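The letter at position 50 of the sequence shown is residue 52 when you use our numbering, and the numbering goes up by one with no holes.
Yeah, the Cβ is synthetic: ideal placement off N, Cα and C, and Gly gets one too.
All figures in this text were calculated on a predicted structure; none of them were measured in a lab.
Some notes on the structure that comes next.
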Amino acid sequence: MSDVPALPGRSFFDQVGGHETFERLVREFYRGVADDPVLAPMYPPDDMEGAITRLTMFLEQYWGGPGTYSEQRGHPRLRMRHMPFKVNPDARDRWLAHMRVAVDSLALSPLDEEMLWDYLERAAHAMVNTFEE
């Protein structure tokens, strides 16, 4: 992994290792979510693989990989898709804690890690839809 920004014509997706890297990230993230008393109930236990696939496809597409997410699911509409769930600051912080472990497991270059983490933090804050406990 490189310490320099993606070269022209080369996506962040490719620079950090493509599908394998994003799948590792998401699988590590969901390992933590599976045992989290606040987040686990938001995911159907019989569709954890589906959740893994959907988040992997979304992140890959966002970072310049294949457009499979939109081809299969349409526009991401992240806030709308998360509205049925109570995403309060506690849920956000738990999500970020599990994602931090997952990002750290990748051993990306400092610049790549900073770019990825900045996006994930912003996305997590944007998903908060209630301040109720």
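Quick one: measure Cβ to Cβ for ARG94 and ALA126, integer angstroms, because I've assumed they're closer than 8 Å.
5 Å
So, using beta-carbon positions, are GLY52 and SER13 closer together than 9 Å?
Using a Cβ distance threshold of 9 Å, GLY52 and SER13 do not count as a contacting pair.
Range of the contiguous alpha helix (DSSP H) that encloses GLU135:
GLU135 -> no alpha helix (DSSP H), and no H or E assigned at all.
Which listed residue (GLU135, TYR121 and THR58) has its alpha carbon closest to that of VAL89
GLU135
For the alpha helix (DSSP H) that GLY69 lies in, which residues bound it at each end?
No alpha helix (DSSP H) contains GLY69, which DSSP labels as neither H nor E.
Applying the criterion that 16 or more other CB atoms from any shown protein chain within 10 Å of the CB defines a buried residue, is HIS21 buried or exposed?
In the assembly as shown, HIS21 is an exposed residue. Its beta-carbon has fewer than 16 other beta-carbons within 10 Å.
DSSP on GLY52, reduced to helix/strand/coil?
Helix.
How about PHE24 and GLU62: do their beta carbons lie closer than 9 Å?
With a cutoff of 9 Å on beta-carbon distance, PHE24 and GLU62 are scored as near each other.
Enumerate in chain order the residues of its own chain whose CB-to-CB distance from ASP92 is below 8 Å, with the five nearest sequence positions on each side excluded.
VAL40 and GLU135
Which residues mark the beginning and the end of the alpha helix (DSSP H) in which LEU27 is found?
20-35
8 Å contact criterion, which PHE60 and TYR71 should meet: CB distance rounded
5 Å
Hey, could you find the ends of the alpha helix (DSSP H) PRO91 is sitting in?
91-108
Among the candidates TRP65, ASP38 and PHE87, whose CA atom is the shortest distance from the CA of LEU122?
TRP65
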